[in-house]
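So the structure is just underneath, and the comments pick up after that.
Numbering (the working numbering), first residue to last: 1 to 190.
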């Protein structure tokens with residue numbers, strides 16, 4: 001029994017480490033505040049570890065843990081009607097404060113893991129930040145994290161059709177907000 005418990009802990013540790021940077025990047029995008037993002041990831045880690053016995057090996061761990069993160073965000077931030085503080089992502093560095101520093105040793109700077117943040121201009125970041133939450137989350141999961149419709153549907157707990165609709169509408173909102181920017185920078189014909 002002790003060995004099985006250690007094996008589960010080790011398995012969780014490996015799977016969680018593989019996803020920590022993506023979780024933090026998404027939490028930062030959702031909360032718009034580095035400290036709140038750290039808290040959200042830590043709460044997600046605790047909850048995921050506590051309920052790891054419910055995770056079915058061989059299924060999509062990433063979708064499972066992103067769902068926990070999303071549910072935590074909804075519970076913490078929306079129910080408390082807390083309006084997240086806006087943050088400039090190119091000025092943020094990823095540093096989680098943890099008593100056990102060895103656990104985080106292997107993590108790289110989130111900017112190296114996610115070069116898209118360096119590619120995004122402030123105007124693009126503002127446009128993403130100004131999307132309504134239900135559209136912003138789907139756009140981030142699809143276009144930034146690269147998740148499939150099914151994975152996103154599993155994470156947000158809605159049918160694939162809803163995911164596709166929200167993604168389409170979110171992209172249209174971005175297109176509308178960024179048309180002038182695209183023309184000025186030569187991405188779109190004048």
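Don't be surprised by glycine CBs; every beta carbon is placed ideally from N, CA and C.
Cβ-Cβ separation between residue 157 and residue 131: approximately 19 Å, too far for a contact (criterion under 8 Å).
Cβ contact annotation for residue 177 (same chain, cutoff 8 Å, sequence separation greater than five): 127, 130, in chain order. If the five residues before and after residue 73 are omitted, its C-beta is found closer than 8 Å to the C-beta atoms of 27, 30, 31, 40, all from its own chain and listed in chain order.
When secondary structure is reduced to three states using DSSP, residue 34 falls in the helix class. In this structure, residue 67 places its C-beta atom within 9 Å of the C-beta atom of residue 155. Look at residue 51 here: in three-state DSSP terms it is coil, with no helix or strand label.
For residue 64 and residue 133, the gap between their C-alpha atoms comes out near 20 Å. Judged by DSSP in its simplified three-state form, residue 56 adopts coil rather than helix or strand. In terms of Cα proximity to residue 22, the closest of 52, 140, 173, 47 is 140. Under the three-state reduction of DSSP, residue 157 is assigned to coil, being neither helix nor strand. Of the residues 56, 164, 35, 15, the one whose Cα lies closest to the Cα of residue 135 is 164.
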